[in-house]
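**Q** Got a structure for you, written out below as structure tokens; questions coming shortly.
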Amino acid sequence: MRHLHDLFIEAAKLHPKKYAVIWDAESKVFSVTFAEILAESGHISENLIAAGANGEYVGILIENPMIYPTLMIGVLRSYCAFVPIDLNTKSDWFSTLIRKVNIRFIFTDKIDSLLEEWTLVKHFSVHNHNVFLMYDEKIQKRFGSESSTMAYAIQTSGSTGIPKIIRVPPQSIIPNIIQLRSIFLITAEDTIFLSSPLTFDPSIVEIFVTLSSGASLLTAPHHIRAGPGPVLFEYLFGKSRECCGKVSVLSVTPSYAACLFGSPLNKSIDPALRVLSLGGEPCPPNNTLSEWRKKLGGKTKIFSLYGITEVSCWASVVEIQLDEGREKDKYSAQNKEGINNLDKLSSDSDGMMMEILDLPLGSPLMETMLEVRDSEGNIVREGTGELFVGSETRVCLLDDEDDSIVHKGGPIYRATGDMVRVCNPLKETGPSISYIQRKDEAMKRFGRWVLIKNIETLATEFVWAYQDMKEISIEASCCVSCGKNLIRTKTQILHLTDALTT
Numbered sequence: 001m002r003h004l005h006d007l008f009i010e011a012a013k014l015h016p017k018k019y020a021v022i023w024d025a026e027s028k029v030f031s032v033t034f035a036e037i038l039a040e041s042g043h044i045s046e047n048l049i050a051a052g053a054n055g056e057y058v059g060i061l062i063e064n065p066m067i068y069p070t071l072m073i074g075v076l077r078s079y080c081a082f083v084p085i086d087l088n089t090k091s092d093w094f095s096t097l098i099r100k101v102n103i104r105f106i107f108t109d110k111i112d113s114l115l116e117e118w119t120l121v122k123h124f125s126v127h128n129h130n131v132f133l134m135y136d137e138k139i140q141k142r143f144g145s146e147s148s149t150m151a152y153a154i155q156t157s158g159s160t161g162i163p164k165i166i167r168v169p170p171q172s173i174i175p176n177i178i179q180l181r182s183i184f185l186i187t188a189e190d191t192i193f194l195s196s197p198l199t200f201d202p203s204i205v206e207i208f209v210t211l212s213s214g215a216s217l218l219t220a221p222h223h224i225r226a227g228p229g230p231v232l233f234e235y236l237f238g239k240s241r242e243c244c245g246k247v248s249v250l251s252v253t254p255s256y257a258a259c260l261f262g263s264p265l266n267k268s269i270d271p272a273l274r275v276l277s278l279g280g281e282p283c284p285p286n287n288t289l290s291e292w293r294k295k296l297g298g299k300t301k302i303f304s305l306y307g308i309t310e311v312s313c314w315a316s317v318v319e320i321q322l323d324e325g326r327e328k329d330k331y332s333a334q335n336k337e338g339i340n341n342l343d344k345l346s347s348d349s350d351g352m353m354m355e356i357l358d359l360p361l362g363s364p365l366m367e368t369m370l371e372v373r374d375s376e377g378n379i380v381r382e383g384t385g386e387l388f389v390g391s392e393t394r395v396c397l398l399d400d401e402d403d404s405i406v407h408k409g410g411p412i413y414r415a416t417g418d419m420v421r422v423c424n425p426l427k428e429t430g431p432s433i434s435y436i437q438r439k440d441e442a443m444k445r446f447g448r449w450v451l452i453k454n455i456e457t458l459a460t461e462f463v464w465a466y467q468d469m470k471e472i473s474i475e476a477s478c479c480v481s482c483g484k485n486l487i488r489t490k491t492q493i494l495h496l497t498d499a500l501t502t
């Protein structure tokens with residue numbers, strides 16, 4: 001079976017001297033080649049095996065994203081699975097995560113209170129950065145564990161309840177990597193910015209789409225990634241680096257993009273952005289995307305991705321067509337990687353309102369099925385219902401599930417909690433599925449049902465239109481840092497109400 005690290009090794013053999021990962025901390029730029037990552041990851045694998053790790057989950061608790069890919073690949077090469085751990089994890093959840101996933105070993109660059117009872121196995125250097133391999137002798141190794149067949153374990157955000165722990169096999173994530181690098185036409189000449197937090201599974205796609213293509217991955221300190229839009233814009237597109245070109249592919253949430261492109265920008269900078277992919281939140285309306293595209297020079301291709309962590313990572317894709325006068329149809333882009341039937345959207349007089357209320361999700365990605373069900377579990381061929389994402393091969397394990405569910409036969413479907421609309425069920429290219437709102441985004445106010453999605457849409461439009469308003473800008477910044485939608489709490493709604501009524 002092809003494994004995740006095999007994708008990297010294949011590219012490393014083709015591009016050994018090319019810079020793979022760049023860390024630009026403004027004062028100094030560090031870079032490592034594919035050959036250096038290959039060598040260092042081999043040493044990491046040797047250290048893990050020597051410490052007794054064998055087919056198990058290994059935690060990664062690291063601040064510097066530059067060495068993260070090397071540690072991931074090193075863990076995978078020892079036929080273990082990696083577990084990204086949030087630096088801000090509270091001790092209670094840390095203990096729960098360790099127990100549920102059965103983590104005996106952790107790589108860290110700082111021994112803090114979370115690890116005070118752990119034993120230091122080895123202190124070594126990875127690309128001239130200190131790394132500590134820690135061991136907890138109280139955790140017993142599980143024999144016959146499925147971890148040797150997994151690539152990684154990751155947790156959901158917990159925004160709708162207690163976080164779930166998702167264990168992801170390579171056959172769930174590799175189809176995403178292979179197909180997206182083909183859809184985005186990634187080559188060794190590209191530079192991709194690692195924008196996602198390392199505990200957010202899109203970051204794993206970003207890393208391996210880049211490194212499996214021989215492209216360069218640009219990483220930055222948190223204060224730059226979460227900094228003001230104009231500063232980040234200049235960092236990404238206005239700065240010359242000898243080790244790589246300007247950022248040509250960017251994958252972010254719409255709220256992150258709003259902060260990046262919503263403010264007045266330096267017009268002397270000529271961005272080289274070929275691809276902007278948006279995911280994790282509902283896609284903005286076409287007029288907003290058109291404004292962003294103008295600031296990027298008018299040639300950037302924009303994609304919207306949809307997915308859930310329970311079927312890590314992406315489930316569907318749509319390319320958004322903003323050019324006037326283009327036909328509103330689907331196109332087929334079949335090639336050896338298995339791409340087909342990506343939706344193209346077009347903008348017309350009614351397009352803005354349709355996209356606010358009815359956001360097309362596009363076509364399913366490889367080895368992925370989309371199914372819509374009503375409240376009684378019946379399949380909806382045309383109309384409204386809850387979306388389920390399924391696959392026969394891309395099957396992740398949730399919380400206490402074991403791999404016996406994989407052997408039952410037939411696809412495994414996961415609920416998304418998203419309400420969608422199905423149209424055109426008899427179309428040759430398949431039905432069109434459009435996002436409406438979260439299933440739980442309705443509340444009663446003064447005896448009337450209020451759709452939070454409608455308030456959120458208005459707020460989002462308001463944010464993008466009035467970036468200089470203090471309260472709304474604060475909410476937008478919070479949205480970027482936590483990865484959640486804008487309107488989630490009573491406090492935020494009150495801020496919005498005050499702003500809208502002044």
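Under UniProt numbering, think of the first position of the sequence shown as 1, with each following residue one higher. Positions of the beta carbon are idealized from the N, C-alpha and C atoms, including for glycine.
#1: Beta-carbon separation of Gly59 and Ile85 under 8 Å?
#2: Quick one: what's got a C-beta closer than 7 Å to Leu4's C-beta in the same chain, skipping five residues either side?
#3: If we ignore side chains and look at the alpha-carbon of each, how far apart do Val252 and Ala53 end up?
#4: Using the Cα positions of Tyr19 and Ala35, report the straight-line distance between them to the nearest angstrom.
#5: Grab the span of the beta strand (DSSP E) containing Asn88 for me, first residue to last.
#6: How far does the alpha helix (DSSP H) with Ser172 in it reach, from first residue to last?
#7: Would you call the segment 187 to 194 and the segment 238 to 251 in contact, with 3 or more CB pairs under 8 Å?
#8: Exposed or buried, Lys295, counting other C-beta atoms within 10 Å across all chains shown (16 or more means buried)?
#9: From Val205 to Cys313, what does the alpha carbon distance come to, in whole angstroms?
#10: Tell me whether Ala50 is buried or exposed, calling it buried when 16 or more other Cβ atoms sit within 10 Å of its Cβ.
#11: Starting from Leu296, trace the alpha helix (DSSP H) in both directions and tell me its first and last residue.
#12: Which residue marks the beginning of the beta strand (DSSP E) containing Arg438, and which one marks its end?
#13: Please confirm whether Cys389 and Val311 have their CB atoms less than 8 Å apart.
#14: Sort out for me which residues DSSP pairs Thr187 with in a bridge.
#15: Give the range of the beta strand (DSSP E) segment to which His407 is assigned.
#16: Using a 10 Å radius around the Cβ and a threshold of 16 neighbouring Cβ atoms, would you call Ala12 buried or exposed?
#17: Should Ile405 be listed as close to the ligand NAP, given that the test is whether its C-beta is under 7 Å from any heavy atom?
#18: Could you spell out where the beta strand (DSSP E) holding Thr219 opens and where it closes?
#19: Please say whether Arg167 and Lys141 have beta carbons closer to each other than 8 Å?
#20: What would DSSP say about Ser212, mapped onto helix, strand or coil?
#21: Are the CB atoms of Phe233 and Leu276 nearer to each other than 8 Å?
#22: Using 8 Å as the Cβ pair cut-off and three pairs as the minimum, do the segment 280 to 296 and the segment 214 to 231 touch?
#23: Going along the chain, which unbroken runs of the beta strand (DSSP E) with 3 or more residues stay wholly within the segment 99 to 151?
#24: Short of 7 Å in beta carbon distance, which residues of its chain neighbour Glu337, apart from the five on each side in sequence? Order them along the chain.
#25: In whole angstroms, what is the alpha-carbon distance linking residue 537 and Pro411?
#26: What residue range is occupied by the uninterrupted alpha helix (DSSP H) comprising Gly229?
#27: Between the C-alpha atoms of Val406 and Glu26, what's the straight-line distance to the nearest angstrom?
#28: Give the DSSP-derived three-state secondary structure of Cys259 in the structure shown.
#29: Compute the Euclidean distance between the alpha carbons of Leu97 and Asp418, then round it to the nearest angstrom.
#30: Count the CB pairs spanning the segment 115 to 125 and the segment 267 to 281 that are closer than 8 Å, and state whether there are at least three.
#31: Alpha carbon to alpha carbon, how far is Asn176 from Thr368? Give it in angstroms, no decimals.
#32: Applying the 10 Å Cβ sphere with the 16-neighbour rule, what's the burial state of Gly214?
#33: Report the CB separation of Asp371 from Tyr413 in whole angstroms; it is logged as a contact under 8 Å.
#34: Cutting at 7 Å between CB atoms, please list the residues of its own chain near Ser432, excluding the five before and the five after it.
#35: Since Tyr57 sits in a beta bridge, which residues does DSSP pair it with?
#36: Tell me whether the beta-carbon of Arg225 lies closer than 8 Å to the beta-carbon of Ser195.
**A** Considering the structure as presented:
#1: With a cutoff of 8 Å on beta-carbon distance, Gly59 and Ile85 are scored as near each other.
#2: Cβ neighbours of Leu4 beyond the five flanking positions: Leu76, Ala151, Pro170, Ile173, Ile174 and Phe208.
#3: The straight-line gap from Cα to Cα measures roughly 35 Å.
#4: Near 9 Å, if we compare the C-alpha coordinates of Ala35 and Tyr19.
#5: Looking at the DSSP string, Asn88 is not in any beta strand (DSSP E), and its letter there is neither H nor E.
#6: First-last of the alpha helix (DSSP H) with Ser172: Pro170 to Ile183.
#7: With a cut-off of 8 Å on Cβ pairs, the segment 187 to 194 is in contact with the segment 238 to 251, counting three or more such pairs.
#8: Looking at its Cβ environment, which holds 16 or more other Cβ atoms inside 10 Å, Lys295 is buried.
#9: So the alpha carbons of these two residues sit roughly 8 Å apart.
#10: Burial check for Ala50: the Cβ neighbour count within 10 Å stays below 16, so the residue is exposed.
#11: No alpha helix (DSSP H) contains Leu296, which DSSP labels as neither H nor E.
#12: Unbroken beta strand (DSSP E) run through Arg438: Ser432 to Arg438.
#13: The sequence given here places Val at residue 389; Cys does not occur at that position. In this structure, Val311 lies closer than 8 Å to Val389 by Cβ.
#14: Per DSSP, Thr187 has no beta bridge partner at all.
#15: Premise fails: His407 is in no beta strand (DSSP E) and is neither H nor E.
#16: Under this definition Ala12 is a buried residue.
#17: The ligand NAP is absent from the structure shown, which contains no ligand whatsoever.
#18: That run of the beta strand (DSSP E) goes Ser216 to Thr219.
#19: Contact flag unset, no.
#20: If DSSP states are grouped into helix, strand and coil, Ser212 belongs with coil.
#21: Contact flag unset, no.
#22: With the cut-off at 8 Å, the segment 280 to 296 and the segment 214 to 231 do not touch.
#23: As summarised for the segment 99 to 151, the continuous beta strand (DSSP E) elements at least 3 residues long and confined to that stretch are 105 to 108, 119 to 126 and 129 to 135, given in chain order.
#24: Here Glu337 scores only 35 on pLDDT, less than 50, and its place in the model is too uncertain to base an answer on.
#25: The first residue shown for the chain is 1 and the last is 502, placing residue 537 beyond what the model contains.
#26: Gly229 -> alpha helix (DSSP H) spans Gly229 to Phe237.
#27: Rounded to the nearest angstrom, the gap between the Cα atoms of Val406 and Glu26 is 47 Å.
#28: In the structure shown, Cys259 sits in a helix (DSSP, three-state: H, G or I).
#29: For Leu97 and Asp418, the distance between alpha carbons rounds to 27 Å.
#30: Here the segment 115 to 125 makes no contact with the segment 267 to 281; the two share fewer than three CB pairs at distances below 8 Å.
#31: Distance between Thr368 and Asn176, taken at the CA atoms: about 10 Å.
#32: By the neighbour-count criterion, in which a residue is buried when 16 or more other Cβ atoms sit within 10 angstroms of its Cβ, Gly214 is buried.
#33: It should be pointed out that residue 371 corresponds to Glu in this sequence rather than to Asp. Taking the Cβ atoms as the reference, Glu371 lies roughly 6 Å from Tyr413, within the contact range of under 8 Å.
#34: A distance below 7 Å between beta-carbons, with the five flanking residues on each side excluded, links Ser432 to the following residues of its chain, in chain order: Pro360, Cys423 and Asn424.
#35: Partner(s): Ala81.
#36: Yes, the pair counts as a contact, with Cβ atoms nearer than the cut-off.
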